[in-house]
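Asker: Top line first, the protein sequences correspond to chains A and B. The first sequence begins at 90 in the working numbering and counts up by one. The second sequence begins at 869 in the working numbering and counts up by one. Here it is: the structure, laid out below.
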Amino acid sequence: MPLRWWESLKELLTRARGDADLERELQSHLDAEADELIESGVDPEEAPWAARRAFGNLTRATEKTRESWRLETAAASIRQFAEGVRRDARDAIRGLLKQPGFTAGAVLALALGIGATTTIFSVIKNVLVDPYPMYTHADRMVGVAIHDDASSEPGGRDFLQTAEFLDYASQLTSFDEIIAGTGEDVLYTSDDGTEQFDGALVSGNTFQALGIDALLGRTITPADAAPDAAPVFVISYKLWVRRFGADPSLVGRSFTLGGTPTTLIGVMPPRVSKLGADIWRPVLLDRANLAQRGQFFKFQARLKPGVTIEQADAEFRTVAARVSKSYPRNYPERFTAHVIGFVDSIVRGFKTTLYTMAAAVGLLLLIACANVANLLLSRATGRQREIALRRALGASRGRIVRQLLVESLVLALLGAAVGCGFAAIGVKALVAVMPDYTIPRESLIRLDTSALTFTLALGGVTAVLFGLVPALQTVTKDLMNPLRDAGKGTGGGFRGGRLSTALVVAEIALSLVLLNSAGLLMRSFIELQTQELGLDPENLLIMRIPVGTGRLATAGDQTRFLTQVLERIRSVPGVVDASTTVGLPVFGGLASDFDVQGIAHADRWRGGVMVCSDAYFRTLRVALLTGRDFTADDLRGARKVAIVNQVFVDRFLKGTDAIGRRLTLKLPDEHGQSVDQTMEIIGVAASARNRGPSDPAAPEAFVPVSAAPMRSQGLLIRTKSTPLAMVQTLKHEIWAVDPGVAVAETDELMTFIRRFSYAAPRLGLFVFGAFATIGLVLVILGVHSLIAYTVARQTREIGIRMAIGADRGDVLRLTVGMGLRWLVLGIVIGLAVSVATTRVLASQLTHVSPSDPLTFGLVVVIISIAGLAASYIPALRTTRVDPMVVLRHET
Amino acid sequence: MRRARTSDRIEILQGTLDLLVLRTLLLGPLHGHGIVKAIQQSSDDMLLVEHGSLYPALHRLVRKRWLSAQWQTAAKGRPMKFYRLTPAGRRQLAAEESNWQQLCRAMSLVLKRA
Numbered sequence: 090m091p092l093r094w095w096e097s098l099k100e101l102l103t104r105a106r107g108d109a110d111l112e113r114e115l116q117s118h119l120d121a122e123a124d125e126l127i128e129s130g131v132d133p134e135e136a137p138w139a140a141r142r143a144f145g146n147l148t149r150a151t152e153k154t155r156e157s158w159r160l161e162t163a164a165a166s167i168r169q170f171a172e173g174v175r176r177d178a179r180d181a182i183r184g185l186l187k188q189p190g191f192t193a194g195a196v197l198a199l200a201l202g203i204g205a206t207t208t209i210f211s212v213i214k215n216v217l218v219d220p221y222p223m224y225t226h227a228d229r230m231v232g233v234a235i236h237d238d239a240s241s242e243p244g245g246r247d248f249l250q251t252a253e254f255l256d257y258a259s260q261l262t263s264f265d266e267i268i269a270g271t272g273e274d275v276l277y278t279s280d281d282g283t284e285q286f287d288g289a290l291v292s293g294n295t296f297q298a299l300g301i302d303a304l305l306g307r308t309i310t311p312a313d314a315a316p317d318a319a320p321v322f323v324i325s326y327k328l329w330v331r332r333f334g335a336d337p338s339l340v341g342r343s344f345t346l347g348g349t350p351t352t353l354i355g356v357m358p359p360r361v362s363k364l365g366a367d368i369w370r371p372v373l374l375d376r377a378n379l380a381q382r383g384q385f386f387k388f389q390a391r392l393k394p395g396v397t398i399e400q401a402d403a404e405f406r407t408v409a410a411r412v413s414k415s416y417p418r419n420y421p422e423r424f425t426a427h428v429i430g431f432v433d434s435i436v437r438g439f440k441t442t443l444y445t446m447a448a449a450v451g452l453l454l455l456i457a458c459a460n461v462a463n464l465l466l467s468r469a470t471g472r473q474r475e476i477a478l479r480r481a482l483g484a485s486r487g488r489i490v491r492q493l494l495v496e497s498l499v500l501a502l503l504g505a506a507v508g509c510g511f512a513a514i515g516v517k518a519l520v521a522v523m524p525d526y527t528i529p530r531e532s533l534i535r536l537d538t539s540a541l542t543f544t545l546a547l548g549g550v551t552a553v554l555f556g557l558v559p560a561l562q563t564v565t566k567d568l569m570n571p572l573r574d575a576g577k578g579t580g581g582g583f584r585g586g587r588l589s590t591a592l593v594v595a596e597i598a599l600s601l602v603l604l605n606s607a608g609l610l611m612r613s614f615i616e617l618q619t620q621e622l623g624l625d626p627e628n629l630l631i632m633r634i635p636v637g638t639g640r641l642a643t644a645g646d647q648t649r650f651l652t653q654v655l656e657r658i659r660s661v662p663g664v665v666d667a668s669t670t671v672g673l674p675v676f677g678g679l680a681s682d683f684d685v686q687g688i689a690h691a692d693r694w695r696g697g698v699m700v701c702s703d704a705y706f707r708t709l710r711v712a713l714l715t716g717r718d719f720t721a722d723d724l725r726g727a728r729k730v731a732i733v734n735q736v737f738v739d740r741f742l743k744g745t746d747a748i749g750r751r752l753t754l755k756l757p758d759e760h761g762q763s764v765d766q767t768m769e770i771i772g773v774a775a776s777a778r779n780r781g782p783s784d785p786a787a788p789e790a791f792v793p794v795s796a797a798p799m800r801s802q803g804l805l806i807r808t809k810s811t812p813l814a815m816v817q818t819l820k821h822e823i824w825a826v827d828p829g830v831a832v833a834e835t836d837e838l839m840t841f842i843r844r845f846s847y848a849a850p851r852l853g854l855f856v857f858g859a860f861a862t863i864g865l866v867l868v869i870l871g872v873h874s875l876i877a878y879t880v881a882r883q884t885r886e887i888g889i890r891m892a893i894g895a896d897r898g899d900v901l902r903l904t905v906g907m908g909l910r911w912l913v914l915g916i917v918i919g920l921a922v923s924v925a926t927t928r929v930l931a932s933q934l935t936h937v938s939p940s941d942p943l944t945f946g947l948v949v950v951i952i953s954i955a956g957l958a959a960s961y962i963p964a965l966r967t968t969r970v971d972p973m974v975v976l977r978h979e980t
Numbered sequence: 869m870r871r872a873r874t875s876d877r878i879e880i881l882q883g884t885l886d887l888l889v890l891r892t893l894l895l896g897p898l899h900g901h902g903i904v905k906a907i908q909q910s911s912d913d914m915l916l917v918e919h920g921s922l923y924p925a926l927h928r929l930v931r932k933r934w935l936s937a938q939w940q941t942a943a944k945g946r947p948m949k950f951y952r953l954t955p956a957g958r959r960q961l962a963a964e965e966s967n968w969q970q971l972c973r974a975m976s977l978v979l980k981r982a
């Protein structure tokens with residue numbers, strides 16, 4: 090018999106046909122009545138009217154019949170259906186509560202899969218797909234990269250020197266707006282003293298090109314960048330709230346920035362932090378401006394409507410070939426010029442990391458779904474008898490399918506609810522460990538609804554599918570067999586269902602891949618941290634002081650200031666040693682080309698330059714191998730001297746004597762322009778890392794602070810213990826020399842190293858480690874529950890075997906053997922897949938091979954132990970059962 | 869159970885008409901006009917069913933799966949919609965007849981007393 094509600098629905102849809110049918114029927118009634126009246130003698134002309142009168146109100150009858158359709162069919166059927174569903178849902182919840190193990194396992198698996206996947210996809214959506222929703226034209230914005238072909242790092246130079254920038258701007262036709270920007274330290278002087286803010290100089294068209302308006306007031310326009318325009322600036326929302334208490338009257342007031350009264354014209358909306366700045370001032374790029382000559386500006390542009398990024402890229406490459414000839418010092422020997430997407434230009438290498446994380450979470454989701462599917466399959470097979478019984482008692486197929494559907498949906502909903510919670514936690518956790526400078530600063534990572542919907546749908550579909558499949562199997566199969574089988578309780582020996590086996594083997598294989606990835610990342614990270622830095626980084630404090638303006642503009646001023654400060658600091662108790670630096674030790678300072686008098690070389694000699702004070706090597710505990718350190722005379726600029734590192738000697742001087750040689754290198758002059766200076770080499774230092782903690786040291790030259798004026802100087806202080814505790818004291822000493830000086834970033838060297846170099850691998854390790862752990866837990870649960878169900882279904886057969894003489898050991902061997910078979914298959918497949926896929930991680934594995942046998946071996950051992958333990962425990966429980974109890978008990 | 873009192877009243881009347889229709893069709897399928905005439909005749913003209921209220925009842929009984937309906941050719945070659953009892957309808961008839969008899973017995977007891 091067809092389902093009633095189905096028919097009602099059909100009739101609802103064919104209501105028009107029903108109306109015509111009813112009309113026909115009523116008309117046929119009237120005709121029959123008329124015939125009868127004619128037969129009893131009524132006038133044939135009168136008969137139809139008489140029939141009508143006998144009928145009564147025809148219209149009302151039609152209406153009432155139609156009404157009854159509507160009321161009865163729609164309302165009643167829907168009501169009935171809803172009642173049925175409500176009842177099923179109640180039964181489902183009760184059923185789930187009665188099996189807490191199964192419910193907890195299934196809900197947890199679903200929730201973990203949903204939570205992890207939503208977290209990663211939210212990050213990807215917010216970081217890669219749409220990190221700048223506040224910039225209207227972000228989709229058309231591009232950046233550039235001039236990539237040194239000899240470098241293995243992705244990306245390239247995106248800052249162009251002023252004249253170079255203007256050359257490009259005048260020759261490129263693919264863009265309708267070109268914006269320039271560079272960071273600067275903004276020194277704000279008020280009655281409270283001098284504060285340092287992160288600022289940026291931006292071209293007048295920047296905010297208009299990006300497509301953003303001010304929250305209060307107005308943004309910078311090209312008119313503000315004109316040479317005779319009044320000095321103005323805009324402020325970030327963050328700074329406005331944090332430092333100035335969101336005071337709306339701030340707009341229009343004048344602030345002394347860098348010694349110049351500047352008017353605040355607007356507050357930018359939240360999340361805007363272009364170039365990482367809190368204060369933006371307009372700048373006009375001008376070839377004739379001497380101060381700009383040595384400056385570099387970030388080149389970004391907006392594509393003309395209709396121009397593709399490929400077209401712009403081709404044009405850029407052509408122009409770059411021309412322009413590079415005018416600025417040979419800015420270009421490596423072999424380079425490739427690219428136009429890249431806005432987001433790509435900032436995210437660079439991290440994109441690959443995010444994609445590998447997405448792949449990993451995909452694996453985890455598959456494991457979770459396989460787990461849930463297996464749990465549902467096991468449960469359903471165990472209920473075959475119950476379903477067969479209900480069908481024999483008269484339940485329709487539709488009712489049973491509906492009940493199972495509702496059960497699966499309830500389970501899916503529970504899993505989804507918990508999964509949302511996990512996702513929310515996951516996103517918060519990820520944001521907390523996200524390293525700096527890897528993602529666009531302005532991206533806001535939060536739960537993304539489309540990612541959530543996708544994973545919810547996926548989890549829901551899995552639950553429903555695997556909840557229904559066995560049901561559909563049973564409702565179409567013969568009723569009698571399951572009922573008969575119950576008496577015998579055999580499923581054909583110790584075999585699991587083929588689908589279940591495939592699922593659990595797949596789970597094991599995928600989990601192996603995840604564990605391998607996590608293991609490799611962990612080893613790489615450990616190797617990274619144990620790398621020899623070449624210096625002693627403990628208890629080293631760095632304090633950055635912006636200079637280059639006012640009283641600290643020239644090299645001489647800076648030297649005098651620093652010498653005085655160092656003298657005071659070195660006498661502070663608790664300070665072991667102090668010197669100065671530019672940039673950071675381990676990461677390096679400036680870059681330069683080198684020439685040594687008397688040695689010809691065809692290739693370019695490139696390396697690093699560190700501008701420092703005396704005692705630099707002593708403070709860092711780097712050995713001075715030959716020669717001497719800088720003296721007070723050297724610092725006064727009496728002689729032009731330099732020290733080089735051992736790598737320099739090995740690579741350029743081929744191990745010959747360095748002392749006394751004349752070295753020419755490039756240093757900025759008072760206009761910031763790069764000029765040649767020739768120094769005498771007076772010493773050779775041991776090589777310490779200067780390109781980051783994992784890359785080998787580059788050739789490096791060290792010159793005294795008197796050699797060149799800098800825009801930023803750093804104090805390098807070694808303390809006896811806890812450097813951060815001494816910061817206030819040290820600041821006082823600095824201000825005792827010059828109270829108007831601002832002190833910017835201050836932290837331990839190790840903290841900087843961790844932030845810049847360890848943070849990204851640590852993130853990868855954290856994420857992969859979490860996934861691998863979850864995956865392993867799921868596999869253990871999966872193997873455990875599958876064995877438990879298989880064994881439970883065959884308790885009777887076990888009882889028989891034990892009754893006829895099998896001992897516990899035999900039975901254990903059978904069950905553990907089953908688990909072992911799955912393990913071996915899963916491990917073999919998993920290893921094969923791992924070898925193929927861990928190659929993808931190669932870019933993140935710095936010191937270990939993607940097929941590292943030690944890691945793989947360890948992972949195989951871990952999974953084997955886990956899998957065997959998971960097989961052993963349920964088997965153990967069952968074999969404790971008294972065989973007689975089992976045989977007597979009708980399962 | 870949560871229905872209004874007026875519809876309760878209508879339901880009683882509906883129930884009575886339903887019972888009449890089901891009983892009439894026990895002997896064989898009939899079309900709507902035929903059912904009206906049959907009820908009239910078998911009640912000695914005491915029960916005159918309003919033709920108009922018959923059709924909502926017939927359609928309702930079809931919804932409830934107690935009757936099935938089919939267009940067939942009647943006398944004089946006229947196509948008419950014939951209704952017949954379904955097995956479920958037969959069961960319902962038995963149940964309602966027994967209910968009705970109980971009700972009659974109860975009523976007459978009460979009335980005799982009073």
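For every residue, glycine included, the Cβ atom is placed at its ideal position computed from N, Cα and C.
1) How is residue 242 of chain A classed by DSSP in three states: helix, strand or coil?
2) I believe residue 852 of chain A touches residue 608 of chain A by the beta-carbon criterion, under 8 Å. Please report the beta-carbon distance rounded to the nearest angstrom.
3) Which residues does DSSP list as the beta-bridge partners of residue 683 of chain A?
4) Specify the secondary structure class of residue 425 of chain A as computed by DSSP and reduced to three states.
5) Suppose the cutoff is 6 Å on Cβ atoms and the five residues either side in sequence are ignored; what does the same chain contact list for residue 734 of chain A look like?
6) Output needed for residue 965 of chain A: all residues of its chain with C-beta closer than 8 Å, excluding positions within five of it in sequence on either side, in chain order.
7) Grouping DSSP H, G and I as helix and E and B as strand, with all else coil, what is residue 284 of chain A?
8) So which residues of chain B does residue 146 of chain A contact, with C-beta pairs closer than 8 Å?
9) Is the separation between the beta-carbon of residue 684 of chain A and that of residue 695 of chain A shorter than 8 Å?
10) Leaving aside the five residues before and after residue 312 of chain A along the sequence, list all residues of the same chain whose C-beta is less than 8 Å from its C-beta, in chain order.
11) From residue 348 of chain A to residue 330 of chain A, what does the alpha carbon distance come to, in whole angstroms?
12) If residue 819 of chain A sits next to residue 632 of chain A, beta carbons under 8 Å apart, how far is it from one beta carbon to the other, in whole angstroms?
13) Can you grab the Cα-Cα spacing for the pair residue 604 of chain A / residue 925 of chain A, in whole Å?
14) According to DSSP, what are the bridge partners of residue 695 of chain A?
15) Hey, residue 960 of chain A and residue 601 of chain A are a contact pair by Cβ (cut 8 Å); roughly how many whole angstroms apart?
16) Between residue 880 of chain B and residue 500 of chain A, what straight-line distance do the alpha-carbon atoms span, to the nearest angstrom?
17) Which one of A:351, A:168, A:271, A:648 has the shortest CA to CA distance from residue 278 of chain A?
18) According to the neighbour-count rule (16 or more other Cβ atoms, all chains shown, within 10 Å of its Cβ), is residue 224 of chain A buried or exposed?
19) Within this structure, are the beta carbons of residue 832 of chain A and residue 634 of chain A separated by less than 8 Å?
20) Let me make sure I understand the geometry here. Which of A:410, A:431, A:626 has the alpha-carbon closest to that of residue 422 of chain A?
21) Output yes if chain A places a C-beta closer than 8 Å to the C-beta of residue 946 of chain B; else output no.
22) Taking only the alpha-carbon atoms, compute the straight-line gap between residue 854 of chain A and residue 615 of chain A and give it to the nearest angstrom.
23) Taking only three categories from DSSP, how would you classify residue 769 of chain A?
24) For residue 334 of chain A, name the three-state secondary structure that DSSP assigns.
25) Contact criterion: CB-CB distance below 8 Å. Does residue 928 of chain B meet it with respect to chain A?
26) Leaving out five residues on either side along the sequence, give the residues of the same chain with a beta carbon under 7 Å from the beta carbon of residue 581 of chain A.
27) Rounded to whole angstroms, what's the CA-CA distance from residue 931 of chain A to residue 782 of chain A? Just pull it up for me.
28) What residues match up with residue 632 of chain A in a beta bridge as DSSP calls it?
29) On the three-state DSSP scale, how would you describe residue 703 of chain A?
Answerer: So, from the data block:
1) By one-based count along the first sequence, residue 242 of chain A stands at place 153. Looking at residue 242 of chain A - three-state DSSP - the assignment turns out to be coil, as it is neither helix nor strand.
2) In the first sequence, residue 852 of chain A corresponds to position 763, counting from 1. In the first sequence, residue 608 of chain A corresponds to position 519, counting from 1. The Cβ separation is near 17 Å, so there is no contact.
3) Along the first sequence, read from residue 1 onward, the residue named residue 683 of chain A stands at position 594. Its beta-bridge partners are A:754.
4) As a working note, residue 425 of chain A is residue 336 in the first sequence. Residue state, collapsed to three classes: strand.
5) To locate residue 734 of chain A, count along the first sequence from 1; it is residue 645. Non-local C-beta neighbours of residue 734 of chain A in its own chain, meaning closer than 6 Å and more than five positions away in sequence, comprise 774, 776, 789, ordered along the chain.
6) Taking the first residue of the first sequence as 1, we reach residue 965 of chain A at position 876. Closer than 8 Å at Cβ, skipping near neighbours: 901.
7) Counting from 1 along the first sequence, the entry for residue 284 of chain A is found at position 195. Strand at residue 284 of chain A.
8) As a first step, residue 146 of chain A must be located in the first sequence, where it is residue number 57. 920, listed in chain order.
9) Here residue 684 of chain A refers to the residue found at position 595 of the first sequence. Here residue 695 of chain A refers to the residue found at position 606 of the first sequence. The beta carbons of residue 684 of chain A and residue 695 of chain A sit no closer together than 8 Å.
10) By 1-based counting over the first sequence, the position of residue 312 of chain A is 223. In chain order, 293, 318 place their CB closer than 8 Å to the CB of residue 312 of chain A, counting only its own chain and leaving out the 5 sequence neighbours on each side.
11) Taking the first residue of the first sequence as position 1, residue 348 of chain A is located at position 259. Taking the first residue of the first sequence as position 1, residue 330 of chain A is located at position 241. CA-to-CA, the gap between residue 348 of chain A and residue 330 of chain A works out to about 24 Å.
12) Counting from one through the first sequence, the residue named residue 819 of chain A turns up at place 730. Counting from one through the first sequence, the residue named residue 632 of chain A turns up at place 543. The Cβ separation is near 7 Å, so the contact holds.
13) Position 515 of the first sequence, counted from the start, is the residue given in the question as residue 604 of chain A. Position 836 of the first sequence, counted from the start, is the residue given in the question as residue 925 of chain A. Between residue 604 of chain A and residue 925 of chain A, the alpha-carbon positions lie close to 14 Å from each other.
14) Counting from 1 along the first sequence, the entry for residue 695 of chain A is found at position 606. Residue 695 of chain A pairs with A:682.
15) Counting from one through the first sequence, the residue named residue 960 of chain A turns up at place 871. Counting from one through the first sequence, the residue named residue 601 of chain A turns up at place 512. The C-beta separation of residue 960 of chain A from residue 601 of chain A comes to about 16 Å, leaving the pair out of contact by the 8 Å criterion.
16) Position 12 of the second sequence, counted from the start, is the residue given in the question as residue 880 of chain B. Position 411 of the first sequence, counted from the start, is the residue given in the question as residue 500 of chain A. The pLDDT assigned to residue 880 of chain B is 45, lower than 50, so where the model puts this residue is not dependable, and the model offers no usable value.
17) For the purposes of this step, residue 278 of chain A is taken as the residue at position 189 of the first sequence. Closest by alpha carbon: A:351.
18) The residue you call residue 224 of chain A lines up with position 135 of the first sequence. Counting C-beta atoms within 10 angstroms of its own C-beta, residue 224 of chain A has 16 or more neighbours from the protein chains shown and is therefore classed as buried.
19) Along the first sequence, read from residue 1 onward, the residue named residue 832 of chain A stands at position 743. Along the first sequence, read from residue 1 onward, the residue named residue 634 of chain A stands at position 545. Yes, the Cβ-Cβ distance between residue 832 of chain A and residue 634 of chain A is below 8 Å.
20) Taking the first residue of the first sequence as 1, we reach residue 422 of chain A at position 333. The shortest Cα separation from residue 422 of chain A among A:410, A:431, A:626 belongs to A:410.
21) Along the second sequence, one-based indexing puts residue 946 of chain B at 78. At least one chain A Cβ lies under 8 Å of residue 946 of chain B.
22) Here residue 854 of chain A is taken as the residue at index 765 of the first sequence, counted from 1. Here residue 615 of chain A is taken as the residue at index 526 of the first sequence, counted from 1. Distance between the alpha carbons of residue 854 of chain A and residue 615 of chain A: 10 Å.
23) Start at 1 with the first residue of the first sequence, and residue 769 of chain A comes out as number 680. It is a strand residue.
24) Indexing the first sequence from 1 puts residue 334 of chain A at position 245. Correct three-state label for residue 334 of chain A: coil.
25) Against the second sequence, residue 928 of chain B aligns to sequence position 60. For residue 928 of chain B, the answer is yes, since a Cβ of chain A falls inside 8 Å of its Cβ.
26) Taking the first residue of the first sequence as 1, we reach residue 581 of chain A at position 492. Its pLDDT being 38, under 50, residue 581 of chain A is placed unreliably by the model, and the measurement read from it follows with that caveat. In its chain, beyond the 5 residues on either side, no residue has a beta carbon closer than 7 Å to the beta carbon of residue 581 of chain A.
27) Position 842 of the first sequence, counting from 1, holds the residue named residue 931 of chain A. Position 693 of the first sequence, counting from 1, holds the residue named residue 782 of chain A. About 18 Å.
28) Here the question's residue 632 of chain A lines up with position 543 in the first sequence. Per DSSP, A:804, A:835.
29) For this step, residue 703 of chain A is matched to residue 614 along the first sequence. Looking at residue 703 of chain A - three-state DSSP - the assignment turns out to be coil, as it is neither helix nor strand.
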